[in-house]
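**Student:** Submitted below is the structure of interest, expressed as structure tokens.
Numbering (mature numbering (1 follows the signal peptide of the UniProt record, and there is no 0)), first residue to last: -21 to -1, 1 to 174.
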């Protein structure tokens, strides 16, 4: 009888472990990175990056419930104005020929209520790596699409100072205000597919 109980417990534990440890890739077609930054202290310029890739791994043990890796292609920046986009891709800003990727890798994940987390990690952009903290919100339950893929979604929000990453281009206006703000609000809408 004891052997039977032990065997049953082992089977249950194996199922729980398999169910809780899983890897999900970012669906590039349904994920976007967005930003907004102050312009002339009177309005904001908004834009997005279309090529977002990476993965989230839910962990069966350890201090973190998951690990997260995100890669963004700065070449795909779109603010709705081609001339401005070309300038943003140049050496004055993202310098996409020299630095073709923006990457975030999580180092610590702190639960902050149902489906919400504070995520600490390293952001590498423009050849500079800095530790930042972002909020991951609304981590959804699993949903199956019409083609049999199992999906989850979430949104990341945060703020970064572009000067921290060596992106310092600016001009001073007659009013004394700066042409471009230093701090940018960021958000990343993510959709994951279970591998």
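Glycine included, every Cβ here is placed at the ideal spot set by N, Cα and C.
Taking just the CA atoms, how far does residue 52 sit from residue 171?
**Tutor:** Cα-Cα distance, rounded: 18 Å.
**Student:** May I ask you to report which of helix, strand or coil DSSP gives residue 50?
**Tutor:** The answer is strand: DSSP assigns residue 50 an E or B state.
**Student:** Do the CB positions of residue 71 and residue 148 come within less than 7 Å of each other?
**Tutor:** Contact flag set, yes.
**Student:** Starting from residue 118, follow the beta strand (DSSP E) in both directions and report where the run begins and ends.
**Tutor:** Residue 118 -> no beta strand (DSSP E), and no H or E assigned at all.
**Student:** What is the residue span of the alpha helix (DSSP H) that residue 67 lies within?
**Tutor:** First-last of the alpha helix (DSSP H) with residue 67: 61 to 68.
**Student:** Please check the pair residue 48 and residue 89, which I expect to be a contact at CB under 8 Å, by giving their CB distance rounded to whole angstroms.
**Tutor:** Their Cβ separation, rounded to whole angstroms, is 18 Å, which puts residue 48 and residue 89 out of contact at 8 Å.
**Student:** Expressed to the nearest angstrom, what Euclidean distance is found between the alpha-carbon atoms of residue 143 and residue 125?
**Tutor:** Between residue 143 and residue 125, the C-alpha separation is close to 44 Å.
**Student:** Could you compute how far the alpha carbon of residue -11 sits from the alpha carbon of residue 41?
**Tutor:** Residue confidence for residue -11 is low, a pLDDT of 37 falling below 50, so the modelled location carries little weight and cannot support an answer.
**Student:** Start and end of the beta strand (DSSP E) containing residue 38?
**Tutor:** Residue 38 -> no beta strand (DSSP E), and no H or E assigned at all.
**Student:** My assumption, with CB atoms under 8 Å, is that residue 20 sits in contact with residue 140. Please give the rounded CB distance.
**Tutor:** Between residue 140 and residue 20 the Cβ distance is about 16 Å, and since that is not below 8 Å, they are no contact.
**Student:** On the CB-based measure, 16 or more other CB atoms within 10 Å of its CB, does residue 43 come out buried or exposed?
**Tutor:** Classification of residue 43: buried, given that the 10 Å Cβ count is 16 or more.
**Student:** From the DSSP output, in three-state form, read off residue 7 for me.
**Tutor:** Looking at residue 7 - three-state DSSP - the assignment turns out to be helix.
**Student:** Out of 116, 174, 81, state which residue places its alpha-carbon closest to the alpha-carbon of residue 127.
**Tutor:** Comparing Cα positions, the closest option is 174.
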